[in-house]
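The listed protein sequences correspond, in order, to chains V and C.
For my numbering, count along the first sequence from 1 and bump the result up by 5.
For my numbering, count along the second sequence from 1 and bump the result up by 1051.
Data first, discussion second: the structure below is written as structure tokens.
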Amino acid sequence: MNELTAVAMSGGLDSSVVAWLLARDEPVVGLSMLLWDRSSESAHGRCCGALDLTDAKRVAQQCGIPHYTLKMDREFREAVVDPFVDDYLAGRTPIPCTACNTWIKFDLFLERARALGAGRMATGHYARIVEGGEGLELHTAIDTDKDQSYYLFELTQEQLGASRFPLGEMTKPEVRELARQAGLVVSEKGESMEICFVAGGVREFVEEQVAERPERFAGAAVGAASTVVDSSGTVLGEAEPYYRYTVGQRRGLGVSAAERLYVLGVEPARNRVTVGTGDELLSPGLTGERTHWIGAAPAVEIEATVRIRSRHPGVRAAIRPAGDGTVEVEFGSPQFGVAPGQAAVFYDGTRVLGGCWIAAAG
Amino acid sequence: MESGMKAAYFDNNATTPLDPRVREAMLPWLGDLHGNTSSVHSFGQAASAAVEEARARVARLLGTSPPELVFCGSGTEANNAVVFSCARSTDRPHHLKHEHHLVISTLEHPSVLAAATRLEGQGAEITRIAPGSDGRVDPARLLSAVRADTSLVCLMLANNELGTLQPVREVAAGCRDLGVPVLCDAVQATGKIPVDVAELGVDYLTIGGHKFHGPLGAAALWIRAGLELDPLLIGGGHERRRRASTVNVPAVVGLGVAAELAAEELPERARMLAELRDRFERGVSRLDSVAIHCADVPRLPTTSHVAVAGVQGEALMIRLDLAGFAVSTGSACSSGTVEPSSTLLAMGMPETEALSSLRVSFGIFNTADEVDGLLGAFEREVAALRELAPAAS
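Written out as structure tokens, the structure reads:
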């Protein structure tokens, strides 16, 4: 008998098609994660909604595969939601999807799937795993619009070896067409673009979490209007609390100026938001921490293409790793909006070499 | 599961397969026959006659007379109806009593627990009595919480997770002296052990057809003659104004036949079910570090509750399902995911042991061969899980 593969089913189009594709010729079990239980809220179209879990169950029936829901909400809160709130409170711009991939989907989920007898797991991610000369490689998806490799840079060889991304070789329209041909109940479902656990705005979410569990977020000062200053320290006005803003943002500042203003930096301790012109937002490079290499870590400086946020086209850069997991990245040309808390992911062509978490610009 | 293999069902406490004889009796009412029991014409008369025949059959099973029975849609509805009805004063119906007191066991089904919690939110006082580590409520402890002004005491006859029988007769006797009414949820017990309302001495008793090979959607509420019920559903005059809703005739007909068959076959069923359970427990107790909960306590012949040390009950349940054997990790009423059972925690069981527990519940259509198959799978899957996490076991 073939090895059992566990498909992580969110109830969305992509993972549904993965389940359908694999179930045609091998043993498959569908597993959904209950990550953020807000079943009292209307939650269709969000990745953890009760209705999406119902869709996952319906699709599993259509595929003729067993399906189970695994409760992982406590772990999700600890590994993804709380650090997300911590980051905003610390003036950083988090990427919860990467944290979820690293700590939940390709760690806890994989462990739980193995306990159920699955040898490998499959997800609806748009990325490719390629056998290279020196181990497994992670590559961008064929469909560059949908490519999700940026969010997967922390995967290890072991995790890549246990994972399958069947959609990496397909385009989104092809995936939807397959769903239609198969008659899957989710074939006309839209994309889930926002952060799955944040229903409204980030500000409201942060304040709600702090209010719900003040002991977990002890010391968090929420609710007070922030001071908006320019880069010389001149006060320009007041705005919403600092955690409402992220570096590079230009909406919702509430101050008028001749030139278009962007957020340059956020200072939690002073509840202060520094704004400036687009030119002031340019950085020559960045300092990264918690660097991860998918293959062997380079001993010396390398040159690679660096993407500093998920939709960033990439820039040529020199990358100088230090021994302690930090890294200096020097861009070939200055870049807008280097935001602490985001990831800088290193590419060689389509191949993801690794990446780091942005500690500071410059 | 290998394709083409038929899965074996060992989750009969969640729901049971329909007895083919019951289905036969229902089919005319899903075919040529139809009618509203409230209608005056011949169609209504035929429906009414069928429902009254069913009422008589259920009455025989419970040792009572038909007028004391109200047909409902589910055991949950029947339990809700009694709890909410007792929370209203008799002189001013539809007003919540200001000083309202309920005594309930923590073993109760969520349909009782949640109803009580709602009343609590409306100002009622709820005293909750936890079971001992033997899965049984101490009758003296429960009775010591009952006051002369207590509006209702709720104690189920058999627990759905452990199968343990509760001291309903003793509690009812004590409550009778105080003039306090008792609701006995007999949903899990009926059709598996003798249930006689007179012998139990309770005031309200609920049963559900699908727990003993009857159809879903039919349940019955027995109300002691002379007691009032402030109905949960109001509208039409069905069920003598105690439950408005057009009567689900096919389901009620099925419930009646299931009750009749259970009454006729009860001793034989109990013996056969206990044999299956004992066969399973003998086999499973040969494995390392498997504990059978409440084995020495009076319990249903249908239910076996085991803890497998070092193994996640959820993982074992899913592995068994993939191998073609359906069991449960506890009561089936959650969102399909697994939480430590509140029943087990209330008994003082540590969370890890509660999470390593499985419920295997037998029905009259299970066979010894199926039990042997389950035992084989159980041994294989426990070994595989322990190999994955040797440190834990």
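All C-beta atoms in this analysis are idealised placements derived from N, C-alpha and C, irrespective of residue type, glycine included.
Just so it is clear, the structure is predicted and the values come from calculations on it, not from any experiment.
Unbroken beta strand (DSSP E) run spanning residue i, endpoints
i, result
"residue 136 of chain V", "132 to 137"
"residue 76 of chain V", "72 to 76"
"residue 1255 of chain C", "1255 to 1259"
"residue 14 of chain V", "Neither: residue 14 of chain V is in no beta strand (DSSP E) and is coded neither H nor E."
"residue 288 of chain V", "287 to 298"
"residue 4 of chain V", "This structure leaves residue 4 of chain V out entirely; chain V is present only between 6 and 367."
Through-space distance from residue j to residue i, alpha-carbon basis
i, j, result
"residue 268 of chain V", "residue 196 of chain V", "29 Å"
"residue 1216 of chain C", "residue 1169 of chain C", "27 Å"
"residue 1393 of chain C", "residue 1155 of chain C", "14 Å"
"residue 1385 of chain C", "residue 1065 of chain C", "Caution is warranted here: a pLDDT of 48 is assigned to residue 1385 of chain C, below 50, making its placement in the model unreliable, and the coordinate value is therefore given only provisionally. Approximately 12 Å, taken between the alpha carbons."
"residue 1337 of chain C", "residue 1212 of chain C", "23 Å"
"residue 284 of chain V", "residue 343 of chain V", "13 Å"
"residue 18 of chain V", "residue 1421 of chain C", "39 Å"
"residue 1144 of chain C", "residue 1157 of chain C", "The predicted model places residue 1144 of chain C with a pLDDT of 49, which falls under 50 and marks its position as unreliable; any figure quoted below should be read in that light. Rounded to the nearest angstrom, the two C-alpha atoms are 28 Å apart."
"residue 51 of chain V", "residue 1223 of chain C", "For residue 51 of chain V, the pLDDT reaches just 45, beneath the cut-off of 50, and the residue's location in the model is therefore unreliable, although a value from the coordinates is still provided. Straight-line Cα distance between these residues: approximately 50 Å."
"residue 327 of chain V", "residue 301 of chain V", "14 Å"
"residue 47 of chain V", "residue 56 of chain V", "In this prediction, residue 47 of chain V has a pLDDT of 45, which is less than 50 and means its spatial position is unreliable; what the coordinates show is noted afterwards. Between residue 47 of chain V and residue 56 of chain V, the C-alpha separation is close to 9 Å."
"residue 1343 of chain C", "residue 1320 of chain C", "22 Å"
"residue 20 of chain V", "residue 1075 of chain C", "43 Å"
"residue 114 of chain V", "residue 1437 of chain C", "18 Å"
"residue 140 of chain V", "residue 323 of chain V", "24 Å"
"residue 224 of chain V", "residue 112 of chain V", "31 Å"
"residue 1425 of chain C", "residue 123 of chain V", "21 Å"
"residue 49 of chain V", "residue 41 of chain V", "A caution first: residue 49 of chain V carries a pLDDT of 43, below 50, which makes its placement in the model unreliable, though a value can still be read off. Distance between the alpha carbons of residue 49 of chain V and residue 41 of chain V is about 13 Å."
"residue 1122 of chain C", "residue 1271 of chain C", "4 Å"
"residue 1161 of chain C", "residue 1405 of chain C", "18 Å"
"residue 1191 of chain C", "residue 1226 of chain C", "11 Å"
"residue 332 of chain V", "residue 311 of chain V", "13 Å"
"residue 320 of chain V", "residue 337 of chain V", "7 Å"
"residue 221 of chain V", "residue 85 of chain V", "14 Å"
"residue 78 of chain V", "residue 235 of chain V", "41 Å"
"residue 45 of chain V", "residue 203 of chain V", "Low per-residue confidence applies at residue 45 of chain V: pLDDT is 47, beneath 50, and the placement is therefore not dependable enough to give any value."
"residue 1172 of chain C", "residue 1151 of chain C", "12 Å"
"residue 280 of chain V", "residue 306 of chain V", "33 Å"
"residue 218 of chain V", "residue 1403 of chain C", "26 Å"
"residue 266 of chain V", "residue 255 of chain V", "6 Å"
"residue 174 of chain V", "residue 1070 of chain C", "51 Å"
"residue 182 of chain V", "residue 176 of chain V", "10 Å"
Reference residue i; option with closest CA among the options
i, options, result
"residue 1300 of chain C", "C:1326, C:1062, C:1067 and C:1090", "C:1090"
"residue 309 of chain V", "V:349, V:23 and V:130", "V:349"
"residue 243 of chain V", "V:302, V:259 and V:271", "V:259"
"residue 1232 of chain C", "C:1243, C:1219 and C:1242", "C:1219"
"residue 1308 of chain C", "C:1431, C:1178, C:1290 and C:1264", "C:1264"
"residue 1411 of chain C", "C:1100, C:1251, C:1088 and C:1379", "C:1379"
"residue 135 of chain V", "V:146, V:128 and V:77", "V:146"
"residue 293 of chain V", "V:85, V:74, V:325 and V:121", "V:325"
"residue 106 of chain V", "V:186, V:126 and V:94", "V:126"
"residue 74 of chain V", "V:29, V:15 and V:316", "V:15"
"residue 128 of chain V", "V:120, V:100, V:157 and V:149", "V:157"
"residue 154 of chain V", "V:131, V:64, V:102 and V:237", "V:131"
"residue 68 of chain V", "V:22, V:161, V:37 and V:82", "V:22"
"residue 1029 of chain C", "C:1124, C:1345, C:1200 and C:1176", "The requested residue 1029 of chain C does not occur in the structure, where chain C is confined to residues 1052 to 1444."
"residue 1086 of chain C", "C:1101, C:1177 and C:1072", "C:1101"
"residue 1295 of chain C", "C:1281, C:1305 and C:1302", "C:1281"
"residue 1204 of chain C", "C:1254, C:1129 and C:1132", "C:1254"
Host alpha helix (DSSP H) of residue i (start-end)
i, result
"residue 1137 of chain C", "1126 to 1137"
"residue 25 of chain V", "18 to 28"
"residue 1427 of chain C", "1419 to 1439"
"residue 1334 of chain C", "1300 to 1335"
"residue 1370 of chain C", "1364 to 1373"
Residue i: CB within 7 Å of a non-hydrogen atom of the ligand COA
i, result
"residue 1266 of chain C", "This structure simply doesn't include the ligand COA, nor any ligand for that matter."
CB contact below 8 Å: residue i versus chain B
i, result
"residue 1369 of chain C", "This model lacks chain B altogether, as its protein chains are V and C."
Segment contact, 8 Å Cβ cut-off, at least three pairs: the region 1125 to 1137 of chain C with the region 1178 to 1194 of chain C
Touching, no, given that fewer than three Cβ pairs across the two stretches are closer than 8 Å.
Sequence ranges, beta strand (DSSP E) only - wholly within the region 1165 to 1210 of chain C, length at least 3
Those beta strand (DSSP E) runs which fall completely within the region 1165 to 1210 of chain C and span 3+ residues are 1176 to 1180 and 1201 to 1205.
Give a yes or no on contact between the region 1100 to 1120 of chain C and the region 1250 to 1269 of chain C, applying the rule of three or more CB pairs nearer than 8 Å.
By the Cβ rule, the region 1100 to 1120 of chain C counts as touching the region 1250 to 1269 of chain C, because three or more pairs are nearer than 8 Å.
Answer yes if the region 342 to 361 of chain V comes into contact with the region 1267 to 1287 of chain C, meaning at least three C-beta pairs across the two stretches below 8 Å, and no otherwise.
By the C-beta criterion, the region 1267 to 1287 of chain C is judged not to be in contact with the region 342 to 361 of chain V, since fewer than 3 inter-stretch pairs fall below 8 Å.
Pick out the complete beta strand (DSSP E) segments inside the region 1210 to 1270 of chain C, 3 residues or longer, and give them in chain order.
Correct list: 1233 to 1236 and 1255 to 1259.
Are the region 1192 to 1211 of chain C and the region 1223 to 1239 of chain C in contact at 8 Å, needing three or more beta carbon pairs?
The region 1192 to 1211 of chain C, when compared against the region 1223 to 1239 of chain C, does touch it at the 8 Å Cβ threshold.
Secondary structure, beta strand (DSSP E): runs of 3+ residues fully inside the region 110 to 183 of chain V:
The qualifying runs are 125 to 127, 132 to 137 and 140 to 145.
Do the region 229 to 243 of chain V and the region 264 to 281 of chain V touch if we need at least three Cβ pairs shorter than 8 Å?
Touching, yes.
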